[in-house]
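Residue numbering for the sequence shown follows UniProt numbering, beginning at 1 and increasing consecutively.
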Amino acid sequence: MTNKFIMLGIVALLLSGAALITEVVFFGSSVSTSALVSESFLMPLSFIFFLIAGAFLIVGSMIKVAEISD
């Protein structure tokens with residue numbers, strides 16, 4: 001179960017990076033706080049994937065620590 005959460009977190013992190021790279025390279029936008037709101041769809045999508053990745057990685061590591069301490 002732990003590996004599923006950690007793998008989902010890593011996949012979400014990779015999707016976040018891919019969306020950010022696509023936005024910067026192909027659409028030429030800058031990475032800033034105003035770009036999170038006003039630019040195209042991929043910049044906010046990258047931020048959402050980053051938050052999801054963080055949540056999955058935190059939950060996965062909490063489960064792993066609980067399994068080790070038993």
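Just so you know, even glycine gets a beta-carbon here, dropped at the ideal spot from N, CA and C. These numbers come from a predicted model, not from an experiment.
**Asked** Is any beta-carbon of chain D found at less than 9 Å from that of I6?
**Response** The displayed structure is made up of one protein chain only, and chain D is not part of it.
**Message:** Applying the 10 Å Cβ sphere with the 16-neighbour rule, what's the burial state of L20?
**Reply:** Buried, because 16 or more other Cβ atoms sit within 10 Å of the Cβ of L20.
**Asked** Taking the continuous alpha helix (DSSP H) assigned at S61, which residues delimit it?
**Response** S61 -> alpha helix (DSSP H) spans L42 to S69.
**Request:** Compare the C-alpha of V24 against each of A53, P44 and V11 and name the closest.
**Result:** The option with the nearest alpha carbon to V24 is P44.
**Prompt:** Cα-Cα, which of V11, N3 and G60 is closest to residue 72?
**Reply:** Residue 72 lies beyond the stretch modelled for the chain, which goes from 1 to 70, so this question has no answer here.
**Message:** Can you find the residues in the same chain that come closer than 7 Å, C-beta to C-beta, to S16, ignoring five residues on each side of it along the sequence?
**Reply:** Excluding five sequence positions before and after S16, the CB atoms of its chain that fall closer than 7 Å to its own CB belong to S46, F49, F50 and A53, given in chain order.
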